[in-house]
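**Student:** Numbering (the working numbering), first residue to last: 1 to 525. Just so it is clear, CB atoms sit at the ideal spot from N, CA and C, and this is done for glycine as well. Small disclaimer: the values here were computed from a predicted structure and weren't measured.
1) So the candidates are 371, 369, 379 and 323; which of them puts its Cα closest to the Cα of residue 353?
2) Return the CA-CA distance between residue 195 and residue 172, expressed in angstroms with no decimal places.
3) What separation, rounded to the nearest whole angstrom, lies between the Cα atoms of residue 496 and residue 488?
4) Beta-carbon separation of residue 139 and residue 78 under 8 angstroms?
5) Among 308, 338, 25 and 223, which has the Cα closest to the Cα of residue 330?
6) Nearest by alpha-carbon distance to residue 212: which of 200, 219, 231 and 399 is it?
7) With three or more beta-carbon pairs closer than 8 angstroms as the criterion, would you say the segment 41-55 touches the segment 13-33?
8) Could you tell me if residue 455 is buried or exposed, where buried requires 16 or more neighbouring beta carbons within 10 angstroms of its beta carbon?
9) Would you mind stating whether residue 504 and residue 457 have Cβ atoms separated by less than 8 angstroms?
10) Ends of the alpha helix (DSSP H) at residue 224?
11) Got a sec, what are the start and stop residues for the alpha helix (DSSP H) residue 137 sits in?
12) Looking at the unbroken alpha helix (DSSP H) that takes in residue 467, where does it start and where does it end?
13) Within 10 angstroms of its Cβ, does residue 433 collect 16 or more other Cβ (buried), or is it exposed?
14) Residues in its own chain within less than 8 angstroms of residue 133 by CB, not counting five upstream and five downstream?
15) With residue 177 and residue 205 assumed to form a contact (beta carbons below 8 angstroms), what rounded beta-carbon distance in angstroms separates them?
16) Is there contact here, the segment 473-480 with the segment 379-399, by at least three beta-carbon pairs under 8 angstroms?
17) Quick check for students: name the residue ranges of the beta strand (DSSP E) that lie wholly in the segment 320-401, counting only runs of 3 or more.
18) What is the DSSP secondary structure of residue 79, counted as helix, strand or coil?
19) Can you name the residues that DSSP bridges to residue 533?
20) Between 398, 347 and 391, which lies nearest to residue 364 when the distance is taken from Cα to Cα?
21) Would you tell me roughly how many angstroms separate the C-alpha atoms of residue 368 and residue 181, rounded to the nearest one?
22) For the alpha helix (DSSP H) containing residue 425, name the first residue and the last one.
23) What separation, rounded to the nearest whole angstrom, lies between the Cα atoms of residue 142 and residue 135?
24) List the endpoints of the continuous beta strand (DSSP E) containing residue 511.
25) Which of the three DSSP states is assigned to residue 278 in this structure?
26) Throw me the rounded Cβ distance for the residue 294 and residue 326 pair, which I believe falls under 8 angstroms.
27) Taking buried to mean at least 16 other C-beta atoms within 10 Å of its own C-beta, is residue 378 buried or exposed?
28) Tell me the DSSP secondary structure of residue 289 in three-state form.
29) What are the residues that DSSP puts in a beta bridge with residue 13?
30) From this set, 498, 337, 508 and 517, which residue's C-alpha is nearest residue 453's C-alpha?
31) Quick one: Cα of residue 147 to Cα of residue 75, how far?
32) Considering Cα atoms alone, identify which of 344, 514 and 46 is closest to residue 421.
33) Mind reading off the beta-carbon distance from residue 492 to residue 523? Whole number of angstroms is fine, and I expect it under 8 angstroms.
34) Any idea what DSSP makes of residue 206, helix, strand or coil?
35) Do you know how far the Cα of residue 71 is from the Cα of residue 299?
36) When we look at the beta-carbon of residue 151 and count the other beta-carbons within 10 Å, is it buried (16 or more) or exposed?
Below, the structure is given as structure tokens:
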């Protein structure tokens, strides 16, 4: 690039993407510098301050550095159509012989012969027929001359431009305004400047048919998302996961103020995903969702919710209408909820709630455990007291029977929580098994004996993720949430070999884990 780049330009350097926040001289040095905020904060050294002078600010603290414009290896990206051609057009081999292809899922271990690949290449080279396009990590940075995208690939319905070098929503709009059938757009891991009022007409044309928008890991605030979605009248799904959101309040000083009036009365958005943020207040979330009149699905997994209180009362003492009254599906797993009262209060907020991410068997197991927990921890309470503390006590007793009474005749006698539990023996490894070749427990023990075994009682319907959490808790391992997710598991097979378990949502029974099974695990440093 002959001339100096502008502020907000996106660059790639050494495999890391960043945004230019400053262009100019730095006191005590010669020449020009680029102040860069890196997407990967581990590359940063400061937040734009040098020798007491602030040159720029960062969205994430200590994610900035200075870089010379002449530094080797700086990439300013390519145009949309150049990236499209680079991925989907490949020169024909002009050969009738079978070609060798490496299966992508085998990490280079499986090589197969394929016949007729030139026919596939020929079809892919017909860009006008493409419906789903992924240019994730292809350094898309610019729009193309007006009309060229519409002429080349007008049929695209789904487009992934994640982790690109796009600088702004205006640039995105210049590309997608020539994709009249576009319904799904992924912009994950980008840093996009908000649209200026002068671009309103362009924004309205570009996104009028969009139904799904992914903005995960973009640091987009709730206030900014409302500005953007105001240009998307058909939008049904909005993803804002992993954006470091702590609050959704419009008047919070950490939230970028909206340059246009806030959106009122949205009737199209049905799903909002806040997975992987740091939201703490249920009441604040409820207030923030008020404009979304059609909201049916809310994802709040892996946040920091502290509790779910009762809805506030009106001046006349009656319960106010909840902004979540049309909600049918809610995900709140992996939060900091501490009380059954939080669960009991949900129907007051979400009277139409009908779907949770658990199976009917898991639900029945949990309900039986709930009843047994009440009976064990509150043995002196009568039914009326229990009904007050636990509104579903009588309802669940009718279904499963009271914990201290025989189950209903219609229920199989052995169909109890205790009868479903089985034992698994687990041992911690000091070193992970080698990744290549057949590995046995005996070979590991000769090198570094595992620690003492621990027995866990578990349900066959328990997911691998839940089992890992139970394991860490039972052994009192002081691990963070991220460290817990990195714990590796192996099942000891009948021949003493080890089979690694990598699934998160599959249950123990699916992996063949049963009563008496032996497992080993390793905690990475």
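**Tutor:** This is what the structure gives:
1) 323
2) 10 angstroms
3) 18 angstroms
4) yes
5) 308
6) By alpha-carbon distance to residue 212, the top candidate from 200, 219, 231 and 399 is 231.
7) yes
8) exposed
9) no
10) 222-229
11) Run containing residue 137: none; DSSP gives neither H nor E here.
12) 464-474
13) buried
14) 84, 88, 153, 156, 158, 159 and 160
15) About 5 angstroms separates the two Cβ atoms, so the contact holds.
16) no
17) 329-331
18) Collapsing the DSSP output to three states places residue 79 in a strand.
19) Within the shown structure, residues of the chain are numbered from 1 to 525, placing residue 533 beyond reach of any answer.
20) 398
21) 50 angstroms
22) Segment 422-428 is the beta strand (DSSP E) holding residue 425; no alpha helix (DSSP H) there.
23) 13 angstroms
24) Per DSSP, residue 511 belongs to no beta strand (DSSP E) and is neither H nor E.
25) coil
26) 7 angstroms
27) exposed
28) coil
29) 16
30) 517
31) 26 angstroms
32) 514
33) Incorrect: roughly 18 angstroms between the Cβ atoms, too far for contact.
34) helix
35) 43 angstroms
36) exposed
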